[in-house]
Structures are given as C-alpha cells and as structure tokens.
Amino acid sequence: MTTPLPSGVEAGWLAESPADGTLPAHAERAVTLTLDTGQVQPGEHRLRLLAVSDDPQYPQVYLPLTVTVLPAPTMGRLTGFVTGVCRQGIAARVAARDFPATVAAPGTGHYTLWLDEGEHEVRAALASGDRFISHTVAVHITAQGTTVQDFGLPWCGLYLPLTLRGM
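In structure tokens:
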C-alpha cells in the first residue's frame with residue numbers, strides 16, 4: 010500500500026516524516042509530525058491529515074488532528090472588533106509586524122491577536138478585487154494582559170456610484 014501524506018496542503022506549520030511509503034498488508038509504520046508553532050497564533054487549530062492509498066475500499070482516510078498552541082509568558086492578547094464591513098464575503102485581516110496575521114470573524118468582525126509585550130503598530134485591512142482600505146494604530150501590549158482595540162473601516166461608504174447631473 011502506498012500512503013503519501015501531502016505536506017503543507019492545509020497547514021504549512023505541520024510537517025510529517027516520512028511523507029510517503031509502501032507497506033505490506035496489516036503492517037504498521039510510525040509517522041512523526043513536527044509542528045512549527047511560530048507560524049500560528051495561540052489557540053486551538055484543527056485540521057484533517059489525509060492518507061491516500063491504492064486500497065479500493067479505503068482510498069482516502071482523514072485523520073483528525075487538534076493542536077492547542079499556548080501563548081508564551083511574554084505575550085498579551087489584543088482583541089476587539091473590525092466594524093464598517095457591510096458586504097458579504099469580505100473578511101478583515103488584523104496583523105502586526107513579525108507575527109502571524111489573524112482574520113476577523115465573518116459576521117461579527119471580532120478578532121484576537123497575541124503579541125509580545127511592548128509597543129506594536131497593528132493594521133486592520135480589507136481587500137476585495139482592486140479595492141483596499143486599511144487603518145493602522147499603535148498599541149501597548151502587557152504580558153499576560155488583554156488590550157482592547159476596535160477598528161472602524163468604512164467599507165460601506167467606499168466606491169458608491171455617483172452621478173452628477175447638470176448644474
């Protein structure tokens with residue numbers, strides 16, 4: 010049986026070794042999973058690891074995997090809402106330099122971003138097609154604390170068609 014485990018398809022922070030192999034019937038083989046938590050924000054991350062085989066009865070087997078990443082003791086939580094988004098399917102990204110970005114929850118606009126203690130410039134941004142809007146603020150993060158910062162992005166008011174008639 011050949012069992013390739015595609016690396017990085019769903020999670021670039023997860024690697025497996027070996028990535029593929031051939032086994033006789035009823036055999037076992039250990040697979041080592043390596044996680045790089047520096048590429049993800051603290052929190053619970055779920056994915057499905059895909060094992061593919063030439064077995065006609067089970068050509069694909071999905072293995073559920075849940076990883077809980079804890080914040081470092083030097084980190085604090087930045088949380089808030091991104092408001093002003095009134096078009097379906099547009100999600101705001103919130104990011105700070107040298108930290109993985111997070112996406113605000115569709116519908117509510119709520120986000121959480123973990124950062125090291127200190128001063129950070131944080132940007133919330135929306136993009137759709139050739140349209141882009143962002144807002145950057147300076148925030149102070151306290152280790153093991155929570156800082157609240159809301160962002161107002163007036164996406165609703167942008168790019169409205171305007172027709173001027175003779176004056």
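Under this note's numbering, the residues of the sequence shown are numbered 10 to 176, in order. From the three backbone atoms N, C-alpha and C, an ideal C-beta is built for every residue, glycine too. Bear in mind the structure is a predicted one, so any value in this text is a computation, not a measurement.
According to the neighbour-count rule (16 or more other Cβ atoms, all chains shown, within 10 Å of its Cβ), is residue i buried or exposed?
i    : result
L87  : buried
T111 : buried
A39  : exposed
G52  : exposed
G93  : buried
Using CA atoms only, rank isn't needed, just tell me which of the options is closest to residue i.
i    : options                 : result
M84  : L74, Y67, T121 and L58  : T121
T145 : H54, D139, E128 and P27 : E128
A34  : P51, A100, P109 and S62 : S62
L124 : R102, F108, Y67 and A24 : F108
A81  : G30, R55 and T46        : T46
L74  : G89, R55, L59 and D64   : R55
S143 : L135, H149 and D64      : L135
R132 : A60, V148 and V78       : V148
Q50  : S137, H119 and V78      : V78
A60  : G93, E25 and Q48        : E25
Classify residue i as helix, strand or coil using the three-state DSSP reduction.
i    : result
G127 : strand
T83  : coil
G52  : strand
P15  : With a pLDDT of only 42 at P15, under the threshold of 50, the placement of this residue in the model should not be trusted; the figure read from the coordinates follows. It is coil, neither helix nor strand.
G89  : strand
G161 : strand
T46  : helix
P109 : coil
V40  : coil
A134 : strand
H144 : strand
Y67  : coil
Kindly list the residues whose CB is nearer than 6 angstroms to the CB of residue i, restricted to its own chain and excluding five residues on each side of it in sequence; keep chain order.
i    : result
P27  : none
H119 : F90
Since residue i contacts residue j with CB under 8 angstroms, what's their CB separation in whole angstroms?
i    : j    : result
R57  : Y71  : 4 angstroms
V91  : F141 : The pair is not a contact, with the Cβ atoms about 14 angstroms apart (cut-off 8 angstroms).
E126 : A105 : Their Cβ separation, rounded to whole angstroms, is 13 angstroms, which puts E126 and A105 out of contact at 8 angstroms.
Q158 : G89  : 5 angstroms
T114 : L162 : Note on residue identity: the sequence assigns Ala, not Thr, to residue 114. The pair is not a contact, with the Cβ atoms about 15 angstroms apart (cut-off 8 angstroms).
Using a Cβ-Cβ cutoff of less than 7 angstroms, which residues in the same chain neighbour residue i once the five nearest sequence positions on both sides are dropped?
i   : result
L44 : W22, L23 and V76
Output needed for residue i: all residues of its chain with C-beta closer than 8 angstroms, excluding positions within five of it in sequence on either side, in chain order.
i   : result
T41 : E25 and S26
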